[in-house]
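Protein chains in written order, with the numbering used here: chain X, 106 to 556; chain V, 254 to 428. Working notes for the structure below.
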């Protein structure tokens with residue numbers, strides 16, 4: 106039996122507390138009026154870019170005003186109205202920032218446990234012989250599905266209640282003036298949105314709890330009925346998961362840009378959660394090994410997990426590029442805006458993520474020997490995890506905060522809080538059952554596994 | 254020059270693996286093992302060096318990538334620039350996304366094909382080459398271990414019978 110070390114427990118509590126303070130500061134410092142928002146943007150410009158750039162910008166703005174007057178030839182009222190609506194837009198973006206930071210971090214850690222659940226179900230459904238020794242680690246990580254899922258659901262409910270403006274299609278006013286959103290309203294309306302979210306989460310959490318129950322019952326039983334049952338449920342779950350994961354990605358992520366759509370978005374999000382999940386399995390397994398648990402897990406198991414990290418990283422890049430190149434090549438205005446905002450306003454996170462999620466794992470994890478060096482896998486895993494946090498960041502932020510993004514207190518606070526909660530919940534779940542299954546029929550094969 | 258070798262035949266890969274380990278434990282040099290299919294772990298048991306084919310594969314992949322870049326730069330930028338989809342081909346970098354599939358394919362193509370060719374040459378397998386395996390049964394259901402004899406025929410024969418060989422031959426071999 107694993108005992109939760111006090112240092113780790115205290116560490117996770119500190120991370121949660123610090124994260125909570127940072128998040129609260131983020132929420133409190135968000136502007137509540139247009140004037141405050143204007144002042145914040147102005148001061149950020151002065152701080153960040155110095156006087157020269159500011160002057161340039163103001164002269165540029167003056168030119169813009171001039172041009173507008175010339176072409177429209179209308180009274181100044183028009184320009185003022187335009188300015189006012191722009192200011193309100195900036196206000197909404199700034200108000201969205203702490204919410205988006207909260208949502209990105211909440212979703213990222215939830216997605217890790219969901220990715221692990223899919224990996225686990227695949228191992229069960231394919232009756233893999235190498236992995237049963239790692240099943241308890243995976244079950245520990247998927248335990249976070251319950252709190253993580255509930256938190257994400259609560260954030261979605263708060264969005265529906267207009268506590269924030271992350272999902273513009275939830276605003277009846279916006280929909281009233283938008284033909285495209287009216288056309289999508291049959292699917293994209295708040296009630297159906299929440300019903301779907303409840304069904305997705307209910308199905309995933311049910312499978313997780315039931316499979317865990319069967320897995321524990323298998324240890325005590327004297328035949329393989331629990332194992333066979335688990336196999337059947339896992340195969341059925343994968344069908345359910347494939348459909349609901351895709352719809353979840355449209356609902357929870359793609360709909361922040363409600364005009365834009367991509368047909369492979371579900372796969373793209375899946376690749377991201379899959380590789381993050383596998384990385385976390387490897388990292389926790391290595392951590393437990395270093396503490397003297399999981400004696401039978403050898404370097405070949407770690408090697409296999411690292412191979413998955415390497416392979417799925419390339420798979421993720423393949424999907425990322427497939428999505429990018431078709432849109433780039435076709436150059437249809439309503440599609441290409443997605444990448445234009447990202448390349449213009451998010452150049453560093455957008456291309457930095459590509460380096461962290463593709464170039465780095467390819468070069469670092471290519472060599473077969475390095476995949477067996479445990480600390481090497483941990484280091485590569487940290488970069489991959491941060492890269493996929495940035496991936497979620499790049500999926501949400503451009504639509505909700507636009508060019509007002511910054512990795513500051515609320516973002517770091519979100520990572521700390523949910524990271525702490527994740528660590529606490531997962532390691533707490535690991536203490537609940539022996540780390541090595543006793544009666545899995547493939548246990549001996551897993552123990553003998555070597556490359 | 255002809256040398257004297259002893260050849261032991263086995264009918265099971267597990268027996269063969271144990272025999273290889275035992276012969277190695279007695280500090281005899283195994284010249285070659287002929288098997289009808291790849292036996293997992295045999296290379297480690299025989300103490301063969303790790304393969305370096307992965308390194309050649311990486312180099313061939315880099316070569317393929319360079320060939321793709323140079324080729325597409327010549328075809329699409331230098332020689333005959335075209336305006337495809339409103340993207341006039343003036344610089345390689347601006348049109349790079351369109352060339353990525355080709356860069357990828359040629360990387361894989363070079364890595365895979367040149368690696369296979371390297372493997373064949375390194376294994377000394379080329380067209381019209383005479384088969385090296387001393388007994389045709391090693392292409393069917395027998396495994397053959399070959400050891401050089403250095404005035405210890407009796408000792409080796411006893412050892413090999415002991416490891417579960419089904420047949421032992423002593424022959425002259427040209428090499």
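Heads up, the beta-carbon is just placed ideally off N, CA and C, and yes, glycines get one too. Source: prediction; values computed, not measured.
Checklist entry - Helix, strand or coil for residue 250 (chain X) per DSSP? => result Start at 1 with the first residue of the first chain, and residue 250 (chain X) comes out as number 145. Looking at residue 250 (chain X) - three-state DSSP - the assignment turns out to be helix.
Next on the checklist: If contact is defined by three or more beta carbon pairs under 8 Å, each pair taking one atom from either stretch, is the segment 474 to 486 of chain X in contact with the segment 384 to 403 of chain X?
Outcome noted: yes
Item to check | Cβ neighbour criterion (16 or more within 10 Å) applied to residue 271 (chain X) | outcome: On the first chain, position 166 is the one that residue 271 (chain X) refers to. Under this definition residue 271 (chain X) is a buried residue.
Checklist entry - Can a CB atom of chain V be found closer than 7 Å to the CB of residue 434 (chain X)? => result For the purposes of this step, residue 434 (chain X) is taken as the residue at position 329 of the first chain. It does; some Cβ of chain V falls within 7 Å.
Next on the checklist: Could you compute how far the alpha carbon of residue 317 (chain X) sits from the alpha carbon of residue 123 (chain X)?
Outcome noted: One-based indexing of the first chain puts residue 317 (chain X) at position 212. One-based indexing of the first chain puts residue 123 (chain X) at position 18. Going from the Cα of residue 317 (chain X) to the Cα of residue 123 (chain X) covers about 33 Å.
Checklist entry - The alpha helix (DSSP H) spanning residue 560 (chain X) covers which residue range? => result With chain X covering only 106 through 556, there is no way to say anything about residue 560 (chain X).
Next on the checklist: Please report the straight-line C-alpha distance between residue 283 (chain V) and residue 394 (chain X), rounded to a whole angstrom.
Outcome noted: Taking the first residue of the second chain as position 1, residue 283 (chain V) is located at position 30. Taking the first residue of the first chain as position 1, residue 394 (chain X) is located at position 289. Answer to the nearest angstrom: the Cα atoms are 38 Å apart.
Item to check | Candidates X:551, X:504, X:246: closest to residue 362 (chain X) by CA position | outcome: The count along the first chain starts at 1 and reaches residue 362 (chain X) at position 257. Ranking the options by Cα distance to residue 362 (chain X), first place goes to X:504.
Next on the checklist: DSSP has residue 430 (chain V) in a bridge; who is on the other side?
Outcome noted: Because chain V in this structure spans residues 254 to 428, residue 430 (chain V) falls outside the shown range and cannot be described.
Item to check | Three-state class that DSSP yields for residue 549 (chain X) in the structure shown | outcome: On the first chain, residue 549 (chain X) is found 444 positions in, with the first residue counted as 1. Of the three classes helix, strand and coil, the one that applies to residue 549 (chain X) here is helix, per DSSP.
Next on the checklist: For residue 417 (chain V), would you say it is in contact with chain X, using Cβ-to-Cβ distances shorter than 7 Å as the test?
Outcome noted: Looking up residue 417 (chain V) in the second chain gives position 164. It does not; no Cβ of chain X falls within 7 Å.
Item to check | Residues of the segment 342 to 358 of chain V with Cβ closer than 7 Å to any Cβ of chain X, in chain order | outcome: 350, 351, 353
Checklist entry - Helix, strand or coil: how does DSSP classify residue 426 (chain V) here? => result Position 173 of the second chain, counted from the first residue, corresponds to residue 426 (chain V). Strand at residue 426 (chain V).
Checklist entry - Touching or not, the segment 435 to 451 of chain X and the segment 398 to 415 of chain X, by the rule of three or more beta carbon pairs under 8 Å? => result no
Item to check | Exposure label - residue 244 (chain X); buried when at least 16 CB within 10 Å | outcome: The residue given as residue 244 (chain X) occupies position 139 in the first chain. Buried.
Checklist entry - Does the beta carbon of residue 106 (chain X) come closer than 7 Å to any beta carbon on chain V? => result The sequence position of residue 106 (chain X) within the first chain is 1, counting from 1. Not one chain V Cβ lies under 7 Å of residue 106 (chain X).
Item to check | Residues bridged to residue 341 (chain V) [DSSP beta-bridge criterion] | outcome: Taking the second chain and counting its residues from 1, the one referred to as residue 341 (chain V) is at position 88. Answer is V:336.
Next on the checklist: Can you confirm whether residue 378 (chain X), when its beta carbon is compared against all beta carbons of chain V, has any partner nearer than 7 Å?
Outcome noted: Here residue 378 (chain X) refers to the residue found at position 273 of the first chain. Judged by the 7 Å Cβ criterion, residue 378 (chain X) is not in contact with chain V.
Next on the checklist: With H, G and I counted as helix, E and B as strand and the rest as coil, what does DSSP make of residue 383 (chain V)?
Outcome noted: To locate residue 383 (chain V), count along the second chain from 1; it is residue 130. Looking at residue 383 (chain V) - three-state DSSP - the assignment turns out to be coil, as it is neither helix nor strand.
Checklist entry - Hey, how far is the Cα of residue 169 (chain X) from the Cα of residue 502 (chain X)? => result For this step, residue 169 (chain X) is matched to residue 64 along the first chain. For this step, residue 502 (chain X) is matched to residue 397 along the first chain. Any reading at residue 169 (chain X) needs caution, since the residue's pLDDT is 40, under 50, leaving its predicted position unreliable; the model's value is listed next. Roughly 27 Å separates the two Cα atoms.
Next on the checklist: Which residues in chain V have a C-beta closer than 9 Å to the C-beta of residue 430 (chain X)? List them in chain order.
Outcome noted: Residue mapping note: residue 430 (chain X) aligns to position 325 of the first chain, counting from 1. What residue 430 (chain X) touches in chain V: 350, 351, 353, 354.
Checklist entry - Exposed or buried, what is residue 510 (chain X) when buried is set at 16 or more other beta-carbons lying within 10 Å of its beta-carbon? => result Here residue 510 (chain X) refers to the residue found at position 405 when the first chain is read from its first residue. Looking at its Cβ environment, which holds 16 or more other Cβ atoms inside 10 Å, residue 510 (chain X) is buried.
Item to check | Distance between beta carbons of residue 405 (chain X) and residue 554 (chain X), contact taken as under 8 Å | outcome: Along the first chain, read from residue 1 onward, the residue named residue 554 (chain X) stands at position 449. Along the first chain, read from residue 1 onward, the residue named residue 405 (chain X) stands at position 300. Contact flag correct, Cβ pair sits at about 5 Å.
Checklist entry - So what does DSSP say about residue 420 (chain V), is it helix, strand or coil? => result For the purposes of this step, residue 420 (chain V) is taken as residue 167 along the second chain, with counting starting at 1. Residue 420 (chain V) falls in the strand class under three-state DSSP.
Checklist entry - Is the distance from the Cβ of residue 510 (chain V) to the Cβ of residue 256 (chain V) below 7 Å? => result The structure shown has nothing for residue 510 (chain V), since chain V only spans 254 to 428.
Item to check | Helix, strand or coil at residue 407 (chain X) [DSSP, three-state] | outcome: If you number the first chain from 1, residue 407 (chain X) lands on position 302. Here residue 407 (chain X) sits in helix by DSSP.
Item to check | beta strand (DSSP E) runs wholly inside the segment 195 to 266 of chain X, at least 3 long, in chain order | outcome: none
Next on the checklist: I need the DSSP call for residue 394 (chain X), collapsed to helix, strand or coil.
Outcome noted: On the first chain, residue 394 (chain X) is found 289 positions in, with the first residue counted as 1. Three-state DSSP puts residue 394 (chain X) in a helix.
Item to check | Residue nearest to residue 303 (chain X) in terms of C-alpha spacing, selected from X:278, X:262, X:281 | outcome: In the first chain, the residue the question calls residue 303 (chain X) occupies position 198. With distances taken between Cα atoms, residue 303 (chain X) lies closest to X:262.
Checklist entry - Using a beta-carbon distance below 7 Å, is residue 401 (chain V) in contact with chain X? => result Residue numbering aside, residue 401 (chain V) sits at position 148 when the second chain is read from its first letter. Chain X contact via Cβ: absent.
Item to check | the segment 300 to 325 of chain V: positions lying closer than 8 Å to chain X by Cβ | outcome: 307, 311
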